[in-house]
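If you read the sequence shown in numbering that gives the first Met the number 0, its first letter stands for residue 0, the second for the next number, and so on. Just so you know, even glycine gets a beta-carbon here, dropped at the ideal spot from N, CA and C. For clarity, every value in this text was computed on a predicted model and none was experimentally measured. Heads up: the structure comes next, in structure tokens.
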Amino acid sequence: MLRILVLHGPNLNLLGTREQSIYGTMSLETIDLSLHRLGEELGAQLVIRQSNHEGELVTWIQEARRDCQGIIINPAAYTHTSIAIRDALAAVDLPTVEVHLSNIYRRETFRQQSYVSGVAVAQVSGFGPSGYLLALRGLCEHVAKVSPTGSKPVISPADRSRTSLT
């Protein structure tokens, strides 16, 4: 069975109550339930975690190389600041989809830089909670393209440089 790590970064535990005009009213728990349901439909087992701590996110990314075939990450504020998360994602070399609830390119200038997008196969931004479901569908489809040995997903240079599903 396909195993996908889903990581939620800092402050996402406050979804549903935090800046609702930007992030909406859906709680993180509701998003996670929707992801689990879709994961079951797609034949994917999801490991979903949230942390406000950069080092913990890095550790989980590193651990994913042992038993996961892909990563979905909403690095939240770490998108714009964390070279450590970017480097961890590059080191594990798992197909990764970056997710943002809001369109980071229509927000403040400092939010328009993503360190993660350069090592992600795709980025979903601006679709609210549905973005996570789009990311899961896209990642499962991407991972289904495996090498002849079945050991690693085939990631072409064109795929590696693509940064948006939209």
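Checking the DSSP bridge columns, you'll see Asn102 has no partner listed. In summary, Ile82 is exposed, with fewer than 16 beta-carbon neighbours lying within 10 Å of its beta-carbon over all protein chains present. Per DSSP, the beta bridge partners of Ile71 are Val5 and Val96. For Gln61, the enclosing alpha helix (DSSP H) starts and ends at Glu53 to Asp66.
Per DSSP, the continuous beta strand (DSSP E) segment holding Arg48 begins and ends at Ala43 to Gln49.
Using a Cβ distance threshold of 8 Å, Leu45 and Leu34 count as a contacting pair. Counting every other CB atom within 10 Å of its CB across the protein chains shown gives Ser20 a total below 16, marking it as exposed. For Ser129, the uninterrupted alpha helix (DSSP H) segment begins and ends at Ser129 to Val142. Shown here, Ser33 sits in a helix according to DSSP, grouped into three states.
Per the C-alpha coordinates, the member of Val120, Ser116 and Gln61 positioned closest to Pro94 is Val120. Taking C-alpha positions only, Asp66 is separated from Asn73 by approximately 20 Å. In this structure the stretch 7-14 touches the stretch 49-69; the number of beta carbon pairs closer than 8 Å is three or more.
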